[in-house]
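Here's the structure we're looking at; comments come further down.
Residue numbers (the UniProt record's numbering): 1 to 210.
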C-alpha cells in the first residue's frame, strides 16, 4: 500500500516516454497519491490495482498497462505537450494493454484530448459517474492506428457529467454501458475488492449499490 506520496518524472514533454510510477504487484492499494509527468506517467503494469483519491497528470497515454485497475474519486488532469502546436495535437488519457480476452489542459480547439486508445487487441476501459471537462474531444476515443483492435476492444461510458460527457458525437465503436452491467465494474466485482480493500475506501456510488 502507498499513501500520501507525490511521485514526479521531471523529464519534460519533449522526451517522449517517461514513466513516473510503475506497479506490477497484486492487490495494490494507492491512496491520496499524486503522479506527475507527461507521456506514460502511470504504468499500471499488471494484476489487480486500486487507486483512491489520487491526482494523475500527463498527456500521451499517461495511464497505461495491462492491469485490472479501478480509479475511484481520482482527479485526472491533461496537460498539453506544446503551448501553441502549429498543426494541433492529440492526447490520450488511457492506453489499455489487455491482450488476453479472458483476463479479468489546454485549448480544446487545438489540443484534442481523448479518453483513451487501444494499445492491445482487447483493450477495455470504462468511465462511470465521472465529471468530464470541455477538453474531452466530442469523439471521445482515439484509434491507435487505422482499424487496429476496433472490433475487439470495449470502451464504455455510464452516467458521466460535464461538457465533455456528451455521447452524441462519440465514435461508433464506443458504447454506453447498459445499467445492468455497471456493477460488473465495481471494485468488489471487477477486482474482487471486498476481499482485500478496506471497506472505508469502497465509497463510490457503484460500490454502495453492490
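By construction, the Cβ of each residue, glycine as well, lies at the ideal position given by its N, Cα and C atoms.
Check	Outcome
Tell me the DSSP secondary structure of residue 200 in three-state form.	helix
Please name the residue, chosen from 59, 60, 74, that lies closest to residue 52 on a Cα-to-Cα basis.	74
How big is the Cα-Cα spacing for residue 66 and residue 181?	21 Å
Strictly by DSSP, which residues pair up with residue 58?	78
For residue 77, which residues from the same chain have a beta carbon less than 6 Å from its beta carbon, with the 5 sequence-adjacent residues on both sides left out?	57
Residue 163 by DSSP, collapsed to three states: which one?	helix
Any idea which residues DSSP pairs residue 42 with across the strands?	21, 63
Tell me whether residue 182 sits in a helix, a strand or coil according to DSSP, three-state version.	helix
Taking DSSP's pairing of strands, which residues face residue 131 in a bridge?	161
Report the three-state DSSP secondary structure of residue 10 (helix, strand or coil).	coil
Out of 7, 156, 133, 4, which one is the CA nearest neighbour of residue 117?	156
Quick one: what's got a C-beta closer than 6 Å to residue 4's C-beta in the same chain, skipping five residues either side?	32
If I follow the unbroken alpha helix (DSSP H) through residue 149, where does it start and stop?	From DSSP, residue 149 is part of no alpha helix (DSSP H); its letter is neither H nor E.
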